[in-house]
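Trainee: One structure, as structure tokens, below. Some questions next.
2 protein chains.
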Amino acid sequence: MERIYVNQIQGKIGQKILLKGWVHVLRDHGKIKFLILRDITGTLQCVINSNIIEAFKTSETLTQESVVSVTGVIVEKKQAPGEVELQVESIEILSLASPELPIPIVEKNENETEQSIRLDWRWLDLRKPEKALIFKVWTAMEEAFREYWVKNNFIEIHSPKFMSTPSESGAELFEVKYFDRTAYLAQSPQFYKQMGMAAGFEKVFEVGPIFRANPSFTSRHDTEFTGYDMEISFINSFQDVICEEEQLLMFVIKTIKEQYGEQVKKFYGREIIIPTSHFPQVTMKEAKSILAKLGVTSEEEGDLNQEEEIKLCEYIKREHGHEFVFVTKYPISVRPFYHMRDTEDSNLTNSFDLLWNGLEITTGAQREHRYDILVKQAKEKGLTLEPIQTYLNFFKFGCPPHGGCGIGPSRIIMKLLGVSNVREVTYLYRGVKRLTP
Amino acid sequence: MERIYVNQIQGKIGQKILLKGWVHVLRDHGKIKFLILRDITGTLQCVINSNIIEAFKTSETLTQESVVSVTGVIVEKKQAPGEVELQVESIEILSLASPELPIPIVEKNENETEQSIRLDWRWLDLRKPEKALIFKVWTAMEEAFREYWVKNNFIEIHSPKFMSTPSESGAELFEVKYFDRTAYLAQSPQFYKQMGMAAGFEKVFEVGPIFRANPSFTSRHDTEFTGYDMEISFINSFQDVICEEEQLLMFVIKTIKEQYGEQVKKFYGREIIIPTSHFPQVTMKEAKSILAKLGVTSEEEGDLNQEEEIKLCEYIKREHGHEFVFVTKYPISVRPFYHMRDTEDSNLTNSFDLLWNGLEITTGAQREHRYDILVKQAKEKGLTLEPIQTYLNFFKFGCPPHGGCGIGPSRIIMKLLGVSNVREVTYLYRGVKRLTP
Numbered sequence: 073m074e075r076i077y078v079n080q081i082q083g084k085i086g087q088k089i090l091l092k093g094w095v096h097v098l099r100d101h102g103k104i105k106f107l108i109l110r111d112i113t114g115t116l117q118c119v120i121n122s123n124i125i126e127a128f129k130t131s132e133t134l135t136q137e138s139v140v141s142v143t144g145v146i147v148e149k150k151q152a153p154g155e156v157e158l159q160v161e162s163i164e165i166l167s168l169a170s171p172e173l174p175i176p177i178v179e180k181n182e183n184e185t186e187q188s189i190r191l192d193w194r195w196l197d198l199r200k201p202e203k204a205l206i207f208k209v210w211t212a213m214e215e216a217f218r219e220y221w222v223k224n225n226f227i228e229i230h231s232p233k234f235m236s237t238p239s240e241s242g243a244e245l246f247e248v249k250y251f252d253r254t255a256y257l258a259q260s261p262q263f264y265k266q267m268g269m270a271a272g273f274e275k276v277f278e279v280g281p282i283f284r285a286n287p288s289f290t291s292r293h294d295t296e297f298t299g300y301d302m303e304i305s306f307i308n309s310f311q312d313v314i315c316e317e318e319q320l321l322m323f324v325i326k327t328i329k330e331q332y333g334e335q336v337k338k339f340y341g342r343e344i345i346i347p348t349s350h351f352p353q354v355t356m357k358e359a360k361s362i363l364a365k366l367g368v369t370s371e372e373e374g375d376l377n378q379e380e381e382i383k384l385c386e387y388i389k390r391e392h393g394h395e396f397v398f399v400t401k402y403p404i405s406v407r408p409f410y411h412m413r414d415t416e417d418s419n420l421t422n423s424f425d426l427l428w429n430g431l432e433i434t435t436g437a438q439r440e441h442r443y444d445i446l447v448k449q450a451k452e453k454g455l456t457l458e459p460i461q462t463y464l465n466f467f468k469f470g471c472p473p474h475g476g477c478g479i480g481p482s483r484i485i486m487k488l489l490g491v492s493n494v495r496e497v498t499y500l501y502r503g504v505k506r507l508t509p
Numbered sequence: 073m074e075r076i077y078v079n080q081i082q083g084k085i086g087q088k089i090l091l092k093g094w095v096h097v098l099r100d101h102g103k104i105k106f107l108i109l110r111d112i113t114g115t116l117q118c119v120i121n122s123n124i125i126e127a128f129k130t131s132e133t134l135t136q137e138s139v140v141s142v143t144g145v146i147v148e149k150k151q152a153p154g155e156v157e158l159q160v161e162s163i164e165i166l167s168l169a170s171p172e173l174p175i176p177i178v179e180k181n182e183n184e185t186e187q188s189i190r191l192d193w194r195w196l197d198l199r200k201p202e203k204a205l206i207f208k209v210w211t212a213m214e215e216a217f218r219e220y221w222v223k224n225n226f227i228e229i230h231s232p233k234f235m236s237t238p239s240e241s242g243a244e245l246f247e248v249k250y251f252d253r254t255a256y257l258a259q260s261p262q263f264y265k266q267m268g269m270a271a272g273f274e275k276v277f278e279v280g281p282i283f284r285a286n287p288s289f290t291s292r293h294d295t296e297f298t299g300y301d302m303e304i305s306f307i308n309s310f311q312d313v314i315c316e317e318e319q320l321l322m323f324v325i326k327t328i329k330e331q332y333g334e335q336v337k338k339f340y341g342r343e344i345i346i347p348t349s350h351f352p353q354v355t356m357k358e359a360k361s362i363l364a365k366l367g368v369t370s371e372e373e374g375d376l377n378q379e380e381e382i383k384l385c386e387y388i389k390r391e392h393g394h395e396f397v398f399v400t401k402y403p404i405s406v407r408p409f410y411h412m413r414d415t416e417d418s419n420l421t422n423s424f425d426l427l428w429n430g431l432e433i434t435t436g437a438q439r440e441h442r443y444d445i446l447v448k449q450a451k452e453k454g455l456t457l458e459p460i461q462t463y464l465n466f467f468k469f470g471c472p473p474h475g476g477c478g479i480g481p482s483r484i485i486m487k488l489l490g491v492s493n494v495r496e497v498t499y500l501y502r503g504v505k506r507l508t509p
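Sequence order for the protein chains is A and B. The first sequence maps to residues 73 to 509 in our numbering. The second sequence maps to residues 73 to 509 in our numbering.
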């Protein structure tokens, strides 16, 4: 008999079926045992009657979270969840779980178990249907991003994570013992996606790990995370990048809502809102002025701290009814040397961040593609040219105007599901103190 | 005017258009200049007549590989490649290339330029249309893999690259300075995709970098490469993994041929053959016996060296007309502790490699999911249990029978295009001596 999944039982009443999965709950009612079986698609109540002698005997040795193969007949049962249940005919134990689970799988209130303990036993934590949903949504999200990119003739790159020199500032860099010398782990594919522009690939994307030796312990930071990166050529300004990202995100959010809107509502109580109009934009200067009027001030010059991001988004939502806002024209002091400068105010860059409901999910810019100006900007930032000479050479033999952005998928998932800690939406979180499991 | 691509000029005869791209070739015929413009979709001959004064003047300052924006009218021209050309009306230089190119873009015979020099200037090397094609095919290949996985309800994971302990043997491991301790770079997502099985995800895939501190300089090895990994639960034997991979590869190769078969033939002279029947299988013992009859012997016990892989594939092709062969039942001596053992001969594992035209492209197996047996096998291999205890714990609280494989996409590309060196099909190759660009 071929195994079917729990979500395939519709229309099978009266039929004999084979299910495989985990013992989600096991309840002893004397001559009857109730086993709630869980597979990746859902849960189903299974009833084991003592007159099914072999199966009943097997069920007496069962422990919660054991893996079983169960055959039986699907019957209607008004009181059961889903109004059907399985009348068990046979049970085979595929893997017997140790009786003492280190964390509960079925919890009334998740916060009863401390997060760090749940992370220690992440594979048990992920058995909860609402946790598995995170990664089903992630899979759909990544497919949607890629569908957009591939449809629009982007070329995929897998750029190296080993670098001979730091890609950005040199801060928060991981060092690797690389045979008889030192390599650095890429903090972003920035240089390499720009190399794609110099190579004439015109539009590229990359999905891959980003490494940041960030010593902070916030709910938004980790030492390793997945990054989505894109870069496009022949732009007229950074507004072309913004425009592309708007279309991309509208498509992605629409696709996720179509596939998982109902389940997100069921498990996370959230209604996914598909943006339909252009995203509002404010310059950094305007953002600071709005925040000042709201009485929100900070010591961050030319950048926004977490409170400012939240307050600005609340304001935009009130005034424009939009969950997103592009903050543009960051001052050169907070942007890397390769961001193109504003022709009207050379203290500003042609750059942007995208905030979604109080959280930065993207950083982007038009890049400086003119060799001489790029060299000048690097010198002004106090950089030594020698280590970045190969990068600078990208712009010596014909390179089109280009720009792009880096997008944080874990942050998008946080906002889609209303989860406030990045550790909960990462398959296996890595931080200063965490390298396991 | 909106920019169009070279591959969009069909049906535009007599129309004024805007093209952007690189100066592929520039030829001076006195009062006429011929400019072959290249964009990511192809090349087009553009004619600049001296009576178009501004454009002609601009063209006199042009260098090869500069980036330009060109307007003009598409006209029929029998002698031109493609039988059309652009009569230029205006040229704007977007980026002027330095006149001395370090490597030629247009070469009669690529081998004229040494590979290491081409790799130094990889972004120029990649401008060659046949090189860009590698990454278009890669993009299509990765999409096809993912389409198969997503259609079949696989969940995507992004597992950490930082580990506290070696994932496999401890050999060829990169060490990272991780705050006040040492981390290791993952040599495969093996443990983490198995964690997905213990988490009840049932079927997972991952696309990501693999790090191997391999000191060798062969044409097949690098220190960092992209790996495709999959793992599936509730299998009956490793034959279920083989079956899944066969279906997957048939779908992928068919998809690539549909999209790029013509271009692969044009640029690489290769006819892609879509496998339609089950892939032949031989056990390692049978493989050795076939090779002995062919007079091919080696000191490799229970494994195949490069010559053996080639000769075995030639034999299979002659005898079975098939480019693929699964070699199964590797002895325990050459397989890691977590491979499940053969019930009939405990010196053998339920494992396989897949060879394609002489090259290993996959390693797979059924994994041992029974805690006690796994511990026993680890001890027999001389492993200390403490560093792998978290991994061992995956199997304590209910874990279904499972197996999977790791697939090398760069090796698939090598075989699709008939390229013999992995450095040529990698966006940016990393080896013992190479960390740049």
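Glycine included, each C-beta is placed from N, C-alpha and C at the ideal position. These numbers were taken from a predicted model, which means no experiment stands behind them.
By the 10 Å Cβ neighbour count, where 16 or more other Cβ atoms means buried, how is A/S305 classified, buried or exposed?
Mentor: The residue in question, A/S305, is buried, as its Cβ has 16 or more Cβ neighbours within 10 Å.
Trainee: Which residue comes first and which comes last in the alpha helix (DSSP H) that contains A/G333?
Mentor: Note, A/G333: alpha helix (DSSP H), F310 to Y340.
Trainee: Against chain A, with Cβ distances strictly below 8 Å, would B/I362 count as a contact?
Mentor: Judged by the 8 Å Cβ criterion, B/I362 is not in contact with chain A.
Trainee: Whose C-beta lies closer than 8 Å to the C-beta of A/T185 among residues of the same chain, with five residues either side of it excluded?
Mentor: Closer than 8 Å at the Cβ level, and outside the excluded window around A/T185, lie I175, P176 and E179.
Trainee: Scan the stretch 410-431 of chain A for residues whose Cβ lies nearer than 9 Å to a Cβ of chain B and list them as they occur along the chain.
Mentor: Answer in chain order: no residues at all.
Trainee: Shorter than 8 Å from the beta carbon of B/I227 to some beta carbon of chain A?
Mentor: Interface residue, yes.
Trainee: Spell out whether any CB of chain A is found under 8 Å from the CB atom of B/L198.
Mentor: Yes, because at least one Cβ of chain A sits closer than 8 Å to the Cβ of B/L198.
Trainee: In chain A, what lies closer than 7 Å to B/G470 by C-beta?
Mentor: Here the neighbours are W94, E137, S138, V139, S167 and A169.
Trainee: Apply the 10 Å Cβ neighbour rule to A/H411 and answer buried if 16 or more other Cβ atoms are within range, or exposed otherwise.
Mentor: Per the 10 Å Cβ criterion, buried.
Trainee: Using a Cβ-Cβ distance cut-off of 8 Å, determine whether B/E164 contacts chain A.
Mentor: Answer no: the Cβ-Cβ gap between B/E164 and chain A never drops below 8 Å.
Trainee: Residue range of the alpha helix (DSSP H) that A/E452 falls in?
Mentor: A/E452 -> alpha helix (DSSP H) spans Y443 to E452.
Trainee: Answer with yes or no whether the minimum CB distance from B/Y250 to chain A is below 8 Å.
Mentor: Closer than 8 Å: yes.
Trainee: In angstroms with no decimal places, state the Cα-to-Cα distance between B/C547 and B/E318.
Mentor: Residue coverage of chain B in this structure runs from 73 to 509, which leaves residue 547 of chain B outside it and unanswerable.
Trainee: Which residues, taken in chain order from the stretch 277-293 of chain B, show a beta carbon closer than 8 Å to some beta carbon of chain A?
Mentor: Going along the stretch 277-293 of chain B in chain order, one finds V279, G280, P281, F283, A285 and P287 with a Cβ nearer than 8 Å to chain A.
Trainee: Going by C-alpha to C-alpha distance, which of A/L384, A/L507, A/S405 and A/E215 sits closest to A/Q449?
Mentor: Ranking the options by Cα distance to A/Q449, first place goes to A/S405.
Trainee: Taking the C-alpha atoms as reference points, what is the distance between A/L384 and A/S260?
Mentor: Distance between the alpha carbons of A/L384 and A/S260 is about 27 Å.
Trainee: According to the Cβ coordinates, are A/E343 and A/V279 closer than 8 Å?
Mentor: No, the Cβ-Cβ distance between A/E343 and A/V279 is not below 8 Å.
Trainee: Using 8 Å as the limit for Cβ to Cβ distance, is B/V504 near chain A?
Mentor: Yes - at least one Cβ of chain A is within 8 Å of the one on B/V504.
Trainee: Note down, one range per segment and in chain order, each alpha helix (DSSP H) of at least 4 residues found wholly within the stretch 224-312 of chain B.
Mentor: Qualifying alpha helix (DSSP H) stretches, in chain order: 262-270.
Trainee: Apply the 10 Å Cβ neighbour rule to B/G272 and answer buried if 16 or more other Cβ atoms are within range, or exposed otherwise.
Mentor: Result: buried.
Trainee: Does DSSP put A/K15 in a helix, in a strand, or in coil?
Mentor: Residue 15 of chain A cannot be examined here, being either before or after the span of chain A that is shown, 73 to 509.
Trainee: Quick one: Cα of A/L91 to Cα of A/T143, how far?
Mentor: Approximately 6 Å between the Cα atoms of the pair.
Trainee: Alpha carbon to alpha carbon, what distance is there between B/E432 and B/A152?
Mentor: Each residue's alpha carbon lies about 44 Å from the other.
Trainee: If you follow the alpha helix (DSSP H) that A/G385 is part of, which residue opens it and which one closes it?
Mentor: The residue you asked about is not Gly; residue 385 of chain A is Cys in the sequence shown. Run containing A/C385: Q378 to H392, per the alpha helix (DSSP H) assignment.
Trainee: Pull up the DSSP beta-bridge partners for B/V119, would you.
Mentor: Answer is B/F106 and B/Q159, bridged to B/V119.
Trainee: Just by C-beta distance, which residues in the stretch 472-485 of chain A are closer than 8 Å to chain B?
Mentor: Listed in sequence order: P472 and P473.
Trainee: Under three-state DSSP, which class holds A/G86?
Mentor: A/G86 falls in the coil class under three-state DSSP.
Trainee: Go ahead and pull the three-state DSSP assignment for A/P174.
Mentor: Coil.
Trainee: Could you check whether A/F310 and A/N422 sit closer than 8 Å to each other, using their CB atoms as the reference points?
Mentor: For A/N422 and A/F310, yes; Cβs fall inside 8 Å.
Trainee: For B/A437, which residues does DSSP report across the bridge?
Mentor: Answer is B/S423 and B/G476.
Trainee: Restricting to Cα atoms, I'd like to know which of A/Q353, A/Y220, A/G86 and A/Q82 is closest to A/F323.
Mentor: Answer by Cα proximity: A/Y220.
Trainee: Between the Cα of A/E505 and those of A/H293, A/Y264 and A/S170, spot the shortest distance and give me the residue it belongs to.
Mentor: At residue 505 of chain A the sequence reads Lys, which differs from the Glu that was named. The shortest Cα separation from A/K505 among A/H293, A/Y264 and A/S170 belongs to A/H293.
Trainee: Below 9 Å on C-beta distance, what does A/G436 contact in chain B?
Mentor: Those within 9 Å of A/G436 in chain B number zero; the least Cβ separation is about 21 Å.
Trainee: Rounded to whole angstroms, what's the CA-CA distance from A/V286 to A/T462? Just pull it up for me.
Mentor: Before going on, a small fix: residue 286 of chain A reads as Asn here, not Val. Roughly 27 Å separates the two Cα atoms.
Trainee: Assign A/E416 to one of two classes, buried (16 or more other C-beta atoms within 10 Å of its C-beta) or exposed (fewer than that).
Mentor: Exposed, since its Cβ has fewer than 16 Cβ neighbours within 10 Å.
Trainee: Does the Cβ of B/D375 lie closer than 7 Å to at least one heavy atom of the ligand HEM?
Mentor: Absence of the ligand HEM from the depicted structure is noted, as is the absence of any ligand whatsoever, leaving it without description.
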